[in-house]
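Working notes, structure below.
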Amino acid sequence: MSSWDKYWENNTGGEVFVSSEGQKNTELEELWRKFFHRKQNLIKKKTKVLDIASGAGSIFSSIDNSENFNLYALDGSGEALEKLKTQMPYVNVLKYKFDEYATKDIYYDIIVSQFGIEYSGKEYFRKIGELLSDEGSFKLIVHKSGSMIDKRTQQEIDCINLLNDTEFFDLAKKLIKLDNDNIEYKNVFEQFTSIEPLIFNNLSSYKNSILNQGYYGFRQLYSNQERYYKKDILTWLNNLEYEKDISYSRLLSMSKATINLQDINKIKHDLYSSGLRDVEVSDFNISRADGVLPLAWEISGNK
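Residues in the sequence shown are numbered from 24 upward in steps of one, following the numbering used here.
The following block contains the structure:
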C-alpha cells in the first residue's frame, strides 16, 4: 500500500489541509465555492469538470449546486476515490496518476486541482492545454516553497530524521526486550541516555509531532513497564515506527512537490506554450491570529 493510500485509509474527514481542530479550511472552501458559482452563471450547458489528484473530493464538496456540473475526479489512490465515491456518488472517478492519464478526443470545460497536480512533476502542467476544451478555463492551488505548509512539512521531516539518526526506536525496543540484569542492557541503556538530551532539546521546537509522541509515549511506558506486557509495549513501538516510515515517504513527496518562483516562471511559459492564455499567478494567503500567512500559489487561465 502506498503512503497516500495509507493516509486516506486512516483519514476519516476526507481532507488533507485542515485546522488544528481538524476542520476544513474555510478560505479555500470559499475560493472554490465562488469560483464554481461564477462558472455556473456563465455557462448554461452542463459543464464537464476535471479535478486533478482529487484526493477524497475536497474541491467538489465546496460546490453549492453540483447537479449543474458533470464532475470527474482523477487520483492515483484507490482509497481516496473510494472515500470520495461514498460521500459523493454522483462524481465520476478515474483511477490514474496524472502523468499516466491519456485521453483521446476527451476534453474538459474546467480543470481544477488543490495540492495535487504538482506531485506528478512540474513538467506536467502543460498537459492542461491538451485536456482543456476551447473556451475552457482552469484554476490550481499548488504547494509554495516557504509557505506555512512547506515549513510544517520540513519540521516533520526533521523530526523523523532525528529519530532515525539517533536510532531511537531500535534502542527503545532493545530496552524493553532485555532484562535489566542482562550484560547488554547496561550498554543499550547508556546509548539511549546519550541520545536523550538531543531529543529532549528539540521537543519544544516540534510540538504535536511524532518526536513528542514517540519520546513521551515511550518514557511513560518504560517508567511503568511493570504494568504492561512487554509484547504490548513492543507492538506500540512497532506501530509508531511504521507510521513514521509511511509518513516520511508522504512528507518527502510533499517537500519535493513545492513550487518556487523559478518553477513558476517555467510553468507559466509551458502553459502559454500549450495553447493557454490569460495565465495569472498570485499568492494565496490565509488569516491567522498571528497575521496573514502564505499558503500556496494560485494559478489560473483560459484556453
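The beta-carbon is built from N, C-alpha and C at its ideal position, and this holds for glycine as well. Treat the numbers as computed from the prediction; the structure is a model and nothing was measured.
Taking leucine 198 as the centre and dropping the five residues before and after it, the same chain places the C-beta of Val211, Phe212, Phe215 and Tyr245 closer than 7 angstroms to its C-beta, in chain order. The residues Val302 and Val304, in chain order, have a CB closer than 7 angstroms to that of lysine 291 in the same chain once the five nearest residues on each side in sequence are set aside. The C-beta separation of threonine 281 from serine 143 comes to about 14 angstroms, leaving the pair out of contact by the 8 angstroms criterion. Non-local C-beta neighbours of isoleucine 287 in its own chain, meaning closer than 6 angstroms and more than five positions away in sequence, comprise Val304, ordered along the chain. Each of Asp255, Asp181, Ile218 and Trp320 was checked against the Cα of serine 270, and the nearest Cα belongs to Asp181. In the displayed model, asparagine 48 falls within coil according to three-state DSSP, outside both helix and strand. Glycine 101 and phenylalanine 192 have their C-alpha atoms some 31 angstroms from each other. By the Cβ-count criterion, isoleucine 206 is exposed, with fewer than 16 other Cβ atoms from all chains shown falling within 10 Å of its own Cβ. Here phenylalanine 59 carries a helix assignment [DSSP, helix/strand/coil]. In the three-state reduction of the DSSP assignment, valine 302 falls in the strand class. For lysine 200, the uninterrupted alpha helix (DSSP H) segment begins and ends at 191-200.
Taking all protein chains shown into account, tyrosine 252 has fewer than 16 neighbouring C-beta atoms within 10 Å of its C-beta and is therefore exposed. Following the DSSP letters along the chain, one finds aspartate 293 in no beta strand (DSSP E) but inside the alpha helix (DSSP H) bounded by residues 284-296.
When only Cα atoms are considered, glutamate 123 and glutamate 90 end up about 29 angstroms apart. For tyrosine 245, the enclosing alpha helix (DSSP H) covers residues 233-246. Annotated three-state conformation of tyrosine 265 is helix, per DSSP.
According to the DSSP secondary-structure assignment, phenylalanine 307 is paired through a beta bridge with Ala319.
Taking C-beta atoms under 8 angstroms as the contact rule, threonine 70 and asparagine 88 fail to qualify, at a distance of about 11 angstroms.
In the DSSP assignment, asparagine 205 falls outside any beta strand (DSSP E), carrying neither H nor E.
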